[in-house]
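To keep things clear, I will list the structure first and then write my remarks on it.
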Amino acid sequence: MNPAPIISVRDLKVHFPIRKGLLGRVRDHVRAVDGVSFDLYPGRTLAIVGESGSGKSTTGYAVMGMEEPTSGQVLINGKDRAHMSPAERHAVTRQLQLVFQDPASALNPRMKVRHCIAEPLEIHGIGNTASRAKRVRDLLDLVGLPESALDRLPREFSGGQKQRIVIARALALNPKVIICDEAVSALDVSIQSQILNLLMDLQARLGLAYLFISHDLSVVRHISDDIAVMHRGRVVEAGPTDQLFAQTRDPYTRQLLAAVPQARPR
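Note that this note's numbering has the sequence shown beginning at -18, numbered continuously upward.
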């Protein structure tokens, strides 16, 4: 028996008004997301792929609750986010966490690493000072950083190390889903592979589900189980990763595949 999806998106639309004139009247709308549907299952990775402006990040933000949908449904464990009470929405934030593209801007430059990682625990009132400190040490070890990093500031770390800190913070509340918004695109290629392998290892150990947002099909092929290709706010093609790469149907997807650099040593 197949498990129920942890997140179901149904006909999601996110439109932004275009205002003109002295009175700022709405003249038109930017249809950033225009009828997107998909399911994300426990322990699996769904990649949303598309060029800049395709609506993939806005889709992720709508799932996370950072953008209010114009219409459609975002179902989390079968319940529509729009019909949740404030307490239920607060509880949902513990199940869904976000890893941003730029780890430097995602971390407070004035906070030591121990406080950056402990912040979600403090906000949600989880544990006491001693238990939080132990949890932070465990998380740091989980993402492959030494305990000596605890009392250092973010500026003292490389881009890949900062992203490990951001991932540790995302794991603090034991989430079921992590939304990765271009989580490796700001990193060097060699560091990208390290972070991708870390994410896959964490998924195997913790049973995480990933909504992995990216423009890079070579990265997506490495990590995803399923792919949804977005273009101009719509999903133009979706399916299992191996199937989509073996038999592409949509011309836009073929263009994305053709844009992936090929290694030609000669």
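Where is the CB? At the ideal position from N, CA and C, for every residue including glycine. Source: prediction; values computed, not measured.
Pick from the options that is closest to residue i, judged by C-alpha positions
i      : options                   : result
A28    : D119, A190 and A99        : A190
L187   : D162, A209 and L123       : L123
V170   : K143, A149 and V200       : V200
E128   : R136, G140 and A114       : A114
L88    : E103, A153, S174 and Q144 : Q144
L21    : S33, G220 and Y233        : G220
S(-11) : P50, S18, D197 and Q236   : S18
P90    : R133, G106 and K1         : R133
L121   : P101, G140, L152 and I160 : L152
H105   : P(-2), T74 and C97        : T74
R(-9)  : L56, F193 and I160        : L56
I194   : Y233, D223 and F81        : F81
S174   : R62, R202 and A149        : R202
A130   : S166, H64 and C97         : C97
L198   : A167, L168, T234 and Q228 : T234
Straight-line gap, residue i to residue j (C-alpha atoms, nearest Å)
i      : j     : result
R95    : N155  : 17 angstroms
V217   : L225  : 12 angstroms
V241   : V30   : 13 angstroms
V11    : M92   : 38 angstroms
A(-15) : L237  : 31 angstroms
I172   : G141  : 6 angstroms
G2     : E103  : 46 angstroms
L177   : R8    : 43 angstroms
H212   : D15   : 10 angstroms
T40    : A99   : 28 angstroms
P50    : A72   : 20 angstroms
Q76    : Y42   : 15 angstroms
G59    : K(-6) : 19 angstroms
Boundaries of the beta strand (DSSP E) in which residue i is found, first to last residue
i    : result
A190 : A190 to S195
D20  : R6 to L21
P127 : It is not in any beta strand (DSSP E) - P127 carries neither H nor E in the DSSP assignment.
M211 : D207 to H212
V80  : L77 to V80
A219 : R215 to P221
I29  : T26 to V30
Cβ-based burial, residue i [other Cβ within 10 Å; buried from 16]
i      : result
L4     : exposed
E137   : exposed
A185   : exposed
T110   : exposed
K37    : buried
P135   : buried
S35    : buried
S52    : exposed
G214   : buried
P67    : exposed
I(-13) : buried
I(-1)  : exposed
Cβ-Cβ distance between residue i and residue j below 8 angstroms
i    : j    : result
G108 : R118 : no
D162 : T26  : no
P84  : V147 : yes
I204 : L179 : no
E48  : H196 : no
V210 : D223 : no
L192 : V44  : yes
R150 : P101 : yes
I160 : L79  : yes
Span of the alpha helix (DSSP H) around residue i
i    : result
E103 : V94 to I104
T40  : K37 to M45
Residue i Cβ short of 7 angstroms to the ligand ADP heavy atom set
i    : result
L237 : What this structure holds is no ligand at all, so the ligand ADP is not there to describe.
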